[in-house]
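Enquirer: Numbering (the numbering used here), first residue to last: 4 to 680. Built from N, CA and C at the ideal position, the CB exists for glycine as well. From a predicted model like this one, the values you see are computed outputs, not experimental measurements. Before I ask anything, let me first share the structure, which is written out below as C-alpha cells.
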C-alpha cells in the first residue's frame, strides 16, 4: 500500500509485517520520524491522525511522533503546569483555569461559566490526562467532537469520539479502547450516553471524570435546549466518586440556577469568568438596504476574511448566498433544509479553507471552533441577548480584532414578536421569551456603551466606555420624545389600533390617500399633527416605542399596533420617554487589502513575507493531514514565530502553542523556513 508521512508529506510504499493487534510502528524513510499506524478492517492502514474527519476511519490510536508509549504524553505527569507546558505548549494558565483543574483533581464537582476563547476545554482536558482512567466528555454536536479530538491528537493526547459517523466496526474498536482505559478522553453525544450499550461500557471503564460541555442545552427556556441533557444527571450520579464539571459560555443568572439544578450540581464549586470579549467591536445599524449594507461590510471592511452571516429563514439563506456569489463573494449556504451531505461539505469547507463567508440560520455555529472568523453579521434580529452573545462569540476566537454587525428594522421587531408568540410552548415559556427579546431590544436602542449593557445582562459590572462599540466610538444624541410619542400613540388609538407604521406615518405627516379617505382618517385630530418630523423619523419613533414596550404589536394582524399599559401612562403624562437619534450608516473605512493579515499587523515587508510562507506551510500540512489549518498551529503561534524568529528546537518550545508532540511533528519544517532568511 502507499502511505504519506504526515510530517514531511513524503509518499512511499509500505507493507506491514503484522496484521494482528491494534497498531504497528512505522518509520518514515524520508524524515526518519516514527509513527503508529492504526490497523483497520479496511483495504489500507492510515497513519495515526490521518483522515480523522472521515468517520469510518476514526480509529487512530495515537499521533505522538517518536513516542512509543502505549499511553499519552501525559502519563506519569501529576503537575498541571507541566502538562500545560510540555503537551499544550502554553506557559501560564488563564483566569480560573488552575482553580478549576485543582477542583477536579481533588475529586470535587465544578460548574464553570467562561466566555468563548477563554480556554474552557483545558479545564477538563488536563485533569483527564492526569487522573487515572478516561475522561468522558458529553458534547452536543458531531462537529464539536471531531474538532476537539483532532486538536488533541495533534498535541499527542489520546482522544476518541463515539457518534453516528462511525461504522459499527469502528465504534466497537473505540469501545474496546475505552473499556481498557487506553485513552485519555472519550467524547460522546448525550443520546449515546443514555443507551444501554454505553451504560454497560461505563461500568467496565475506569473513569477519570465527566465533563458536560455546552451545559446551557439543559435549559428548557433556551434556544439550544436538548431534552437528553435532562437525563445526564441520572447517569453521572451512579458514579458518585467520579468528579463532574459542567461548562457553558452562555447563561444569565436565572439560567445558571436552572443548569445547576437540572444537572444536580447545586453543591459544585462555581467559577464565573468575565463575559467580556474585548477584541470584538459591536455595531448596530438600522436596516435600509440590508444586502447592500452587507456587501459594503464585506468589501470595504472584511475583504478576504472568513465570517458568518446569520439570517432567519432558509429561503433567505439561499437568496443571500446566491446574491453574494453573483457579486464575487465566496459565500456558502447552510441550513437544516439542505441534505446532510451538502451541510457537511459546506461546514468542512468553512473549517478547512480561508476567506469563506457562511450564510446560515442559527442551525450553524455551535461547536465550530474556527479561530480566525473576523466578523459575524446578523441581517435579522436575534431572539435574545443569549443568542446574540453566543452567535457573535464565534468571531475572534484567536484574540485578534473582530467585528459583530447587526442590521434591524421595525419590521424585524414586529416579526420576532409574532414568531415568539406563535412558537410552541406554554404561556410561561412565551412570556419568558418575550421578556428576553425585550431585553435585547433595549440593548439595540440604548445609547450607552454596548459592552456595558451586554455585560450587565449577564450580571457583570463594566466601567465603560469601552471605545470598541459604535455608541462609544461615535456617541449618539438623545431627545425628549414624549410629545412625539403622545402623537404617535394617539394616532394608533384614533385609527382603531389596526394599522402599522407606514400608514400611521402617512396620517401623522398629512400624506392623504384614497385609502385614508375611505377610512375617514383625513378628518381625525392627529392627521397632519406630525409634520415637524420626517417619515423616517416617525418610523424610528414607532420602532423605539415598540422596542421599549410602550407599544404592542397586534399579533393577529401581523402589521398593526395596539396600546398597552405603558402607552396610556405616556398619553396621560404619567411617564416620559427619550429617543435616540438614528445615526447615519457608518461609512466604511479605507478599503482594506484582500489578505488574511488584516488582523495581524507587521511593521516590515520581511515579516509579512515570512508570515505568508509559514501560513502556506501550515496550509500544506493541513491538507496532507486532512485537518483544519488551526489544528496545526493557530495564527497567534505563527505570529510569535514571526516576532521571535526561533532558530533551534529549544527556542521553538518557547513559542506559545508548541508542545513536545507538535515540536517533533512540525518543528523542523517551520524552523527550516525561518532559518532561510
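Closest to residue 205 by CA distance: which of 178, 650, 486 is it?
Expert: 178
Enquirer: Considering only residues of the region 245 to 313, which uninterrupted beta strand (DSSP E) runs meet the minimum length of 3 residues and lie entirely inside it, listed in chain order?
Expert: 247 to 251, 272 to 275, 283 to 289, 309 to 313
Enquirer: Using three-state DSSP, classify residue 469 as helix, strand or coil.
Expert: coil
Enquirer: What residue from 429, 441, 402 has the CA that sits closest to residue 419's CA?
Expert: Looking at the Cα atoms, 441 is the closest of the given residues.
Enquirer: Let me know if residue 239 comes out buried or exposed under the rule of 16 or more other beta-carbons within 10 Å of its beta-carbon.
Expert: buried
Enquirer: Ignore the nearest five residues each way along the sequence and tell me which others in residue 246's own chain have a CB closer than 7 angstroms to its CB.
Expert: 107, 110, 111, 112, 212
Enquirer: Quick one: any contact between the region 85 to 103 and the region 374 to 383, if contact means 3 or more CB pairs under 8 angstroms?
Expert: Counting Cβ pairs under 8 angstroms, fewer than three are found: no touch.
Enquirer: Who are the near neighbours of residue 639 in its chain, counting only those whose CB is closer than 7 angstroms to its CB and skipping five residues on each side?
Expert: 401, 402, 659, 660
Enquirer: Over the uninterrupted alpha helix (DSSP H) stretch that includes residue 349, give me the two end residues.
Expert: 343 to 355
Enquirer: Under three-state DSSP, which class holds residue 435?
Expert: helix
Enquirer: Could you check the C-alpha separation between residue 209 and residue 201 for me, to the nearest Å?
Expert: 14 angstroms
Enquirer: Tell whether a beta-carbon distance below 7 angstroms holds between residue 462 and residue 130.
Expert: In this structure, residue 130 does not lie closer than 7 angstroms to residue 462 by Cβ.
Enquirer: Is it buried or exposed for residue 679, if we count other Cβ within 10 angstroms and need 16 for buried?
Expert: exposed
Enquirer: When you compare each of 81, 302, 570 to residue 485 by their alpha carbons, which one comes out closest?
Expert: 570
Enquirer: Would you kindly check if the distance between the Cβ of residue 439 and the Cβ of residue 2 is under 7 angstroms?
Expert: This structure cannot settle anything about residue 2, because the visible part of the chain is limited to 4 through 680.
Enquirer: Excluding five sequence neighbours on each side, which residues of the same chain lie with their C-beta closer than 8 angstroms to the C-beta of residue 557?
Expert: 500, 501, 563, 564, 565
Enquirer: Just checking, does the region 185 to 203 make contact with the region 134 to 145 on the three C-beta pairs under 8 angstroms criterion?
Expert: At 8 angstroms Cβ cutoff, the stretches touch.
Enquirer: Give me the Cα-Cα distance between residue 507 and residue 494, rounded to the nearest whole angstrom.
Expert: 7 angstroms
Enquirer: I need the straight-line Cα distance from residue 653 to residue 199, nearest angstrom please.
Expert: 49 angstroms
Enquirer: Going by the beta-carbon positions, is the gap between residue 584 and residue 676 smaller than 7 angstroms?
Expert: Between residue 584 and residue 676, the CB-CB gap reaches or exceeds 7 angstroms.
Enquirer: With three or more beta-carbon pairs closer than 8 angstroms as the criterion, would you say the region 111 to 125 touches the region 266 to 278?
Expert: Three or more Cβ pairs closer than 8 angstroms define a contact, and the region 111 to 125 meets that threshold against the region 266 to 278.
Enquirer: In this structure, does DSSP put residue 414 in helix, strand or coil?
Expert: helix
Enquirer: Looking at C-alpha atoms only, which residue of 277, 173, 119 is the closest neighbour of residue 693?
Expert: Shown here, the chain extends from 4 to 680; a query on residue 693 therefore has no answer.
Enquirer: Starting from residue 368, follow the beta strand (DSSP E) in both directions and report where the run begins and ends.
Expert: Neither: residue 368 is in no beta strand (DSSP E) and is coded neither H nor E.
Enquirer: Which residues in the same chain as residue 155 place their Cβ atom closer than 6 angstroms to its Cβ, once the five residues preceding and following it in sequence are excluded?
Expert: If we look at residue 155 and ignore the five residues flanking it on each side, its Cβ neighbours are 162.
Enquirer: Could you give the distance in angstroms between the alpha-carbon of residue 69 and the alpha-carbon of residue 251?
Expert: With a pLDDT of only 32 at residue 69, under 50, the local geometry of the prediction cannot be trusted, and the value read off the model is given with reservation. Spanning the two alpha carbons is a distance of roughly 36 angstroms.
Enquirer: Do the region 310 to 321 and the region 424 to 434 meet, that is, are 3 or more Cβ pairs less than 8 angstroms apart?
Expert: The count of Cβ pairs closer than 8 angstroms, one atom from the region 310 to 321 and one from the region 424 to 434, stays below three, leaving the stretches out of contact.
Enquirer: How is residue 483 classed by DSSP in three states: helix, strand or coil?
Expert: strand
Enquirer: Grouping DSSP H, G and I as helix and E and B as strand, with all else coil, what is residue 532?
Expert: coil
Enquirer: Where does residue 336 sit, in a helix, a strand or coil, going by DSSP?
Expert: Reduced to three states, the DSSP call for residue 336 is strand.
Enquirer: Between residue 504 and residue 628, which are expected to be in contact by the criterion C-beta below 8 angstroms, what is the C-beta distance as a whole number of angstroms?
Expert: No, residue 504 and residue 628 are not in contact; Cβ-Cβ is about 55 angstroms, not under 8 angstroms.
Enquirer: For residue 385 and residue 82, what's the separation of their Cα atoms in angstroms?
Expert: 43 angstroms
Enquirer: Measure the C-alpha to C-alpha separation of residue 409 and residue 300 and round it to an integer number of angstroms.
Expert: Approximately 11 angstroms, taken between the alpha carbons.
Enquirer: Output the distance between the C-alpha atoms of residue 97 and residue 185, rounded to the nearest integer angstrom.
Expert: 29 angstroms
Enquirer: In chain order, what residues of the same chain lie with their CB nearer than 7 angstroms to the CB of residue 510, ignoring the 5 residues before and after it?
Expert: 494, 498, 519, 524, 529, 530
Enquirer: Using a 10 Å radius around the Cβ and a threshold of 16 neighbouring Cβ atoms, would you call residue 651 buried or exposed?
Expert: Around the C-beta of residue 651, fewer than 16 other C-beta atoms lie within 10 Å, and the residue is accordingly described as exposed.
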